[in-house]
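The opening residue of the sequence shown carries number 19 in UniProt numbering; numbering runs sequentially from there.
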Amino acid sequence: QPPNSQTEESCVLKRADCRAKGGAPGFKVAILGAAGGIGQPLAMLMKMNPSVSVLHLYDVVNTPGVTADIGHMDTGAVVRGFLGQPQLENALTGMDLVIIPAGVPRKPGMTRDDLFNINAGIVITLCEGIAKCCPNAIVNLISNPVNSTVPIAAEVFKKAGTYDPKRLLGVTMLDVVRANTFVAEVLGLHPKEVDVPVVGGHAGVTILPLLSQVKPPSSFTPEETEYLTKRIQDGGTEVVQAKAGAGSATLSMAYAAVKFADACLRGLRGDAGVVECAFVASEVTELPFFATKVRLGRRGAEEVYQLGPLNEYERVGLGRAKKELAESIQKGVSFIRK
Ligand code: NAD
Ligand code: LMR
């Protein structure tokens, strides 16, 4: 007789009790799209995160297998699987953080915007579920095109009367991860020593690395600046082409998503000084959404930082980024308002 439900419930209760007594907090995290190319390694890495007490894995296919597999890892989080739309509400109820990598990925020759129609519909359904079942959860939205899916999610939450701009974060962490990697290569440093702010959005020219603000302070030749900016902007396409029809970045994305989710959980826990880049509601430019560094706290993105000083190359890049971003944001908003 499998000891499943009793053991599982007592694990959850013990952790909840620990949290109530002011012990190490255990957060409840749901992954929507958990059986996919990103979802599976993301689920594995979240199961390894000691801040997670309960991990809900939701998808429209294959969650029983992924859940059984990940559930055997001897780490603390209790894992539960949810399959198909009738189980969405149970997957979401009580969650502190919801990570969304659900949706179709690119194939060679496609732009992220080519994914708009199908992924917009998926994001709407999932966000309606969030608004109903865990309106206070922090949402990490990965599904592309992020420049449009975040405005779409915001509109869904507004309609439901649950919108809190601080709690909705488009995940642009992979751009930062790539930027750190490529810049470290050029500087001959370990990537951990490098911090590159990447602002704007998450597609082509909207991805704007601020090389003038790299830490440690570094200077780049015009050729290096051009090479690095292009490589960071085209990082996703580089992977799509290398995978030759088998999808887009999944493993580096799962790594980046976990890095970002962990920062959100540290913020929720009340840690000070948790700062990462994300695509959020913003007053930094005239656009309603923009990616910059944000400070993560108990209520999500509690502070949105200004761009800081830009050089001429970056000012030109910012103009291009804003033009494309404005269209992508408007496309998302109009789609749902119609
Ligand atoms: P994938 O096809 O391997 O996995 C997607 C999963 O979503 C599948 O398991 C599918 O069943 C599931 N799904 C589809 N409809 C669903 C629904 N209604 N509810 C729940 N789950 C549903 O794709 P992937 O490689 O994991 O990529 C997923 C998305 O992430 C794509 O849109 C991709 O473009 C995007 N992405 C974003 C970034 C970023 O930096 N933000 C990076 C990489 C990929
Ligand atoms: C990425 O940057 O890798 C993702 O947005 C996936 C893609 O389509 O490029």
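The beta carbon of each residue, even a glycine, is placed where N, CA and C say it ideally should be. As the structure is a computational prediction, the values presented were derived from the model and not from experiment.
Checklist line | Inter-residue Cα distance where the pair is residue 230 and residue 329 | finding: 7 Å
Margin query: Quick check: what's the CA-CA separation for residue 235 versus residue 297?
Written below: 25 Å
Check: Would DSSP call residue 295 helix, strand or coil?
Finding: strand
Note to self: residue 126 and residue 268 - do their beta-carbons sit closer together than 8 Å?
What the structure shows: no
Margin query: Let's see if you can read the secondary structure: which residues bound the beta strand (DSSP E) around residue 161?
Written below: Where residue 161 is concerned, there is no enclosing beta strand (DSSP E), given that its DSSP letter is neither H nor E.
Note to self: Using a 10 Å radius around the Cβ and a threshold of 16 neighbouring Cβ atoms, would you call residue 251 buried or exposed?
What the structure shows: buried
Checklist line | For residue 118, the residue or residues it bridges with in DSSP | finding: 159
Next item on the list: Identify which residue in 355, 150, 167, 272 has its Cα closest to the Cα of residue 132.
Entry: 167
Note to self: Given 7 Å as the limit, tell me if residue 355 has its C-beta closer than that to any heavy atom belonging to ligand 2.
What the structure shows: no
Note to self: I'd like to know if the segment 252-262 and the segment 283-302 are in contact, where contact means that at least 3 CB-CB pairs between them fall below 8 Å.
What the structure shows: no
Notebook entry, point to check: Buried or exposed: which applies to residue 121, given that a residue is buried once 16 or more other Cβ atoms fall within 10 Å of its Cβ?
Noted result: buried
Next item on the list: Let me know if residue 340 comes out buried or exposed under the rule of 16 or more other beta-carbons within 10 Å of its beta-carbon.
Entry: buried
Next item on the list: Measure from the alpha carbon of residue 299 to the alpha carbon of each residue in 183, 50, 158, then state which is nearest.
Entry: 183
Margin query: Any heavy atom of ligand 3 inside 7 Å of the beta-carbon of residue 160?
Written below: Absence of ligand 3 from the depicted structure is noted, with ligand 1 and ligand 2 being the only ligands included.
Item checked: Spatial neighbours of residue 353 in its chain, beta-carbon cut-off 6 Å, leaving aside the 5 residues before and after -> 138
Note to self: Going by DSSP in three states, residue 284 sits in which element: helix, strand or coil?
What the structure shows: helix
Next item on the list: Tell me the start and end of each unbroken beta strand (DSSP E) in the UniProt domain "Lactate/malate dehydrogenase N-terminal" (46-188) that is at least 3 residues and wholly inside, in chain order.
Entry: 70-77, 96-101, 115-118, 156-159, 186-188
Notebook entry, point to check: Are at least three pairs of beta-carbons, each pair with one atom in the segment 158-174 and one in the segment 195-210, less than 8 Å apart?
Noted result: no
Check: Which term fits residue 2, buried or exposed, when burial requires 16 or more other beta carbons within 10 angstroms of its beta carbon?
Finding: Absent from the model: residue 2. The displayed extent of the chain is 19 to 356, so no value can be given.
Notebook entry, point to check: What residue does the alpha helix (DSSP H) around residue 315 start on, and which one ends it?
Noted result: Per DSSP, residue 315 belongs to no alpha helix (DSSP H); it is in the beta strand (DSSP E), 307-315.
Item checked: Separation of residue 82 from residue 326, as counted between CA atoms -> 47 Å
Note to self: Given a cut-off of 8 Å on the beta-carbon distance, is the pair residue 218 and residue 134 in contact?
What the structure shows: no
Notebook entry, point to check: At a cut of 8 Å, does the segment 139-158 reach the segment 99-113 through at least three beta carbon pairs?
Noted result: yes
Next item on the list: Determine the DSSP secondary structure at residue 274, reduced to helix, strand or coil.
Entry: helix
Check: Are the Cβ atoms of residue 56 and residue 160 separated by less than 8 Å?
Finding: yes
Item checked: Candidates 305, 62, 95, of which the one nearest residue 87 by Cα -> 62
Item checked: Delimiting residues of the alpha helix (DSSP H) encompassing residue 240 -> 240-251
Next item on the list: State the beta-bridge partners of residue 318 as determined by DSSP.
Entry: 315
Next item on the list: Following the continuous alpha helix (DSSP H) through residue 195, name the residue where it begins and the one where it ends.
Entry: 191-205
Item checked: Through-space distance from residue 338 to residue 306, alpha-carbon basis -> 16 Å
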